[in-house]
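This report concerns only the one structure given below.
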Amino acid sequence: MSAFDQAKHEVERARFLGDVRDLLGILRRQPNELLPFEWVRHLAPDGEFQRGLQTIEVDHIIGSVDRYREFDRHYLPKERHLDERWIGVRSAQLQGKELPPIQVYKVGDLYFVKDGNHRVSVARRQGQKYIDAYVIELHVAVPPEEHDTLKTLIIKGEYAQFLKATNLDRVVPGHRDIRFTTPGRYERLLEHIRTRQYFLDRKPERAGLPPVTFEEAVESWYRRMYARIVENIEKHDVMTRFPGRTEADLYLWIMDHRYFLTQKYGHDVGSEEATIDFGARHAPPAYKRLGQRMRLMLRGRLHPSM
1 MSAFDQAKHE VERARFLGDV RDLLGILRRQ PNELLPFEWV RHLAPDGEFQ RGLQTIEVDH
61 IIGSVDRYRE FDRHYLPKER HLDERWIGVR SAQLQGKELP PIQVYKVGDL YFVKDGNHRV
121 SVARRQGQKY IDAYVIELHV AVPPEEHDTL KTLIIKGEYA QFLKATNLDR VVPGHRDIRF
181 TTPGRYERLL EHIRTRQYFL DRKPERAGLP PVTFEEAVES WYRRMYARIV ENIEKHDVMT
241 RFPGRTEADL YLWIMDHRYF LTQKYGHDVG SEEATIDFGA RHAPPAYKRL GQRMRLMLRG
301 RLHPSM
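For reference, each letter of the sequence shown is one residue, going 1 to 306 in the UniProt record's numbering.
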């Protein structure tokens with residue numbers, strides 16, 4: 001079989017496997033598309049650096065600048081019109097010709113192809129581990145992950161803006177990640193911090209002292225409010241009753257519930273009692289939790305032991 005005929009057979013096989021993966025993605029409710037590079041803007045990159053020629057891992061390439069509709073997430077070709085270019089690249093490889101390096105953007109530990117999508121597709125199909133690439137690195141505070149969607153990238157971008165606004169990495173080194181499952185929640189945390197600043201300033205013992213700075217309020221909010229709620233969540237095993245949710249999700253819900261209980265009883269019930277009562281009142285029934293866990297496991301978003 002000639003190099004051309006072999007490459008033609010391989011691209012037809014690759015498109016067939018792409019159709020199979022599309023079907024599996026639908027059944028599992030998992031996306032099977034490459035990530036568009038334009039989504040990276042949601043991560044608020046704050047620096048771009050030329051890193052020159054490097055050898056990168058093929059499996060860490062998750063997106064494309066302008067060809068993200070033409071290949072699936074495994075870089076299998078999706079359209080017949082791609083065959084000619086794919087066959088040309090694979091034929092050259094079979095004939096022992098050296099292929100030029102690709103060009104990529106690096107974001108975190110992952111890559112988006114600027115030039116060389118067909119070379120990446122052929123490399124993935126052959127099980128190639130590494131490929132040479134000219135790398136342009138973008139700096140982001142919260143890096144993307146392989147299975148991110150537009151929604152999760154938007155949330156990560158909001159988190160990056162929150163970290164920048166609060167200087168939390170510097171104010172509380174080694175703090176826990178604060179991740180939500182729904183966009184628009186970090187503004188509520190900023191409201192909590194501003195409220196904390198307001199009440200700290202009005203404590204009698206601060207009479208005559210300079211105003212509380214925003215960063216002082218950030219540290220106080222994290223250590224005295226957020227961290228305490230998280231400790232109570234862990235202490236009373238509340239997290240397991242809300243599959244697919246995060247500590248940050250529960251923090252906001254419990255704080256709202258604490259306010260509700262305070263209004264109901266006429267005094268502040270405290271974070272621990274609010275946590276216990278919230279878990280008892282609002283956790284889904286056991287059969288619903290089981291169904292949620294099974295769906296999350298099928299989508300690869302929950303470890304079987306959780």
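Positions of the beta carbon are idealized from the N, C-alpha and C atoms, including for glycine.
Original post:
Whose CA, out of Pro183, His267, Gly270, Asp109, lies closest to the CA of Ile62?
Top reply: Asp109
Subject >> Arg206 versus Tyr259 - alpha carbon distance >> reply: 25 Å
Subject >> N- and C-terminal bounds of the beta strand (DSSP E) containing Ser64 >> reply: 61–64
Original post:
Would you call Leu226 buried or exposed, if buried means 16 or more other Cβ atoms sit within 10 Å of its Cβ?
Top reply: Checking the sequence, you will find Tyr at residue 226 rather than Leu. Counting Cβ neighbours within 10 Å, Tyr226 comes out buried, since at least 16 surround it.
Original post:
By Cβ distance below 7 Å, which residues in the same chain neighbour His175 in space, the five residues on each side in sequence not counted?
Top reply: Leu168, Tyr222
**OP:** Let me know the secondary structure DSSP gives Leu138 once reduced to three states.
**Re:** strand
**OP:** Run through the region 195–233 for me and flag every whole alpha helix (DSSP H) of 4 or more residues, listed as ranges in chain order.
**Re:** 214–221
**OP:** Whole angstroms is fine: what's the gap from Asp5's alpha carbon to Pro173's?
**Re:** 59 Å
Original post:
What does Ala274 pair with, by DSSP beta-bridge criteria?
Top reply: According to DSSP, which records beta bridges pairwise, Ala274 is partnered with nothing at all.
Subject >> Whole-Å CB distance - Arg124 paired with Val89, under 8 Å assumed >> reply: About 12 Å; that fails the 8 Å criterion.
**OP:** Please report the residue range of the alpha helix (DSSP H) in which Arg51 lies.
**Re:** Segment 48–57 is the beta strand (DSSP E) holding Arg51; no alpha helix (DSSP H) there.
Original post:
Over what stretch of residues does the beta strand (DSSP E) that includes Ile102 continue unbroken?
Top reply: 102–107
**OP:** Mind the definition here: the region 124–139 touches the region 46–56 only if three or more C-beta pairs lie below 8 Å; say whether that holds.
**Re:** yes
**OP:** Would you check if the distance between the CB atom of Ala274 and the CB atom of Phe180 is smaller than 8 Å?
**Re:** no
**OP:** Would you check if the distance between the CB atom of Arg67 and the CB atom of Asn32 is smaller than 8 Å?
**Re:** no
Original post:
If you check the beta carbons only, do Glu77 and Ala14 fall under 8 Å apart?
Top reply: Going by the sequence as given, residue 77 is Pro instead of Glu. Yes.
**OP:** Determine the closest residue to Ile56 out of Leu17, Arg29, Val107, Glu70, with distance taken between C-alpha atoms.
**Re:** Val107
Original post:
Can you name the start and end residues of the beta strand (DSSP E) that Val113 belongs to?
Top reply: 110–115
Original post:
Buried or exposed: which applies to Ala280, given that a residue is buried once 16 or more other Cβ atoms fall within 10 Å of its Cβ?
Top reply: exposed
Original post:
Near Val40, what residues of its chain come up, given a Cβ to Cβ distance below 6 Å and the 5 sequence neighbours on each side ignored?
Top reply: Val107
Original post:
Is residue 344 buried or exposed, if buried means 16 or more other CB atoms sit within 10 Å of its CB?
Top reply: There is no way to answer for residue 344, as the model of the chain reaches only from 1 to 306.
Subject >> From Leu23, Lys164, Leu24, Ser91, residue whose alpha carbon lies closest to that of Glu10 >> reply: Ser91
**OP:** Determine the direct distance from the alpha carbon of Gly25 to that of Phe112, and round the result to whole angstroms.
**Re:** 21 Å
Original post:
For the alpha helix (DSSP H) that Lys255 lies in, which residues bound it at each end?
Top reply: First, the amino acid is wrong: residue 255 is Met here, not Lys. Element bounds for Met255: 247–265.
**OP:** Kindly list the residues whose CB is nearer than 8 Å to the CB of Asp201, restricted to its own chain and excluding five residues on each side of it in sequence; keep chain order.
**Re:** Pro211, Val212
**OP:** Whole angstroms is fine: what's the gap from Lys97's alpha carbon to Glu234's?
**Re:** 58 Å
Subject >> In DSSP terms, what Asp72 is bridged to >> reply: Glu33
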